Each structure stands twice: as C-alpha cells, then as structure tokens.
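With the UniProt record's numbering as the guide, the letters of the sequence shown map in order to residues 1 to 103. For each residue, glycine too, the CB sits at the ideal point set by N, CA and C. Just so you know, these numbers come straight off a predicted model, no measurement behind them.
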Amino acid sequence: FGLLHPGVDLRAPVGTQVKSIDMGVVVEVEKMKSGYGHFVRIAHSGIVSSLYAHLDKVIVVAGQKVDKGEQIGTVGMTGWTTGPHLHFEVHQGNRAVDPLRFI
C-alpha cells in the first residue's frame with residue numbers, strides 16, 4: 001500500500017470467494033481487458049468506498065445492495081496481473097487509506 005499502489009494484493013487461488021467488507025451499494029461493475037480487469041466498487045456509509053479487482057467472476061450488478069460478508073465475486077487473473085490475487089482498495093472520499101484496517 002502506498003502512493004503508487006493504492007491498495008493491497010491478496011494472493012488466493014482462482015475461484016476463492018470475494019466478500020464485501022461492509023454493507024453498501026454496488027456503484028460500479030467493470031469488465032476490462034487491462035488495468036484492474038473485472039472489478040467491483042461499493043459505496044458504504046459516509047464517504048467510504050471499497051474496490052475489488054482482478055476478479056474472475058462478478059455476481060453483483062450496479063445498484064444492488066449488499067450486506068457485510070456477502071459474496072460479490074471470485075478471485076481471478078483478469079487485467080494486468082502476474083498471478084491469481086485480489087487487488088483490494090479502500091477510499092475515504094478521494095483519498096486511498098490502508099485497506100488492511102478493514103479486513
């Protein structure tokens with residue numbers, strides 16, 4: 001986690017469940033061939049949002065409400081990646097914060 005890498009990379013086998021860190025609303029679902037690959041962004045209470053990237057499967061849609069611990073997808077290798085992992089970010093407003101505080 002740092003200025004040039006606003007999240008953490010959590011290694012896990014392809015297909016491992018990815019779950020929301022808190023209740024919220026899915027505000028973005030993208031399936032890109034580069035960068036983050038398949039990713040989900042969730043808006044939580046206040047100005048906090050979380051991002052889950054390099055997903056293999058996404059099982060939520062934009063506008064969907066999710067609960068804390070609800071599965072939103074599975075770990076994959078989409079986008080720019082050298083192996084299966086979850087890229088995980090947490091933002092307060094426009095500022096990235098240490099995501100390890102939330103898991």
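Counting every other CB atom within 10 Å of its CB across the protein chains shown gives SER34 a total below 16, marking it as exposed. Judged by DSSP secondary structure, TYR52 falls within the beta strand (DSSP E) whose first and last residues are 48-58. In the DSSP assignment, no residue is bridged to THR16.
Inter-segment contact for the segment 61-72 and the segment 20-33 is present: three or more beta-carbon pairs are separated by less than 8 Å. Taking every protein chain shown into account, the CB of HIS38 has 16 or more other CB atoms within 10 angstroms, so this residue is buried.
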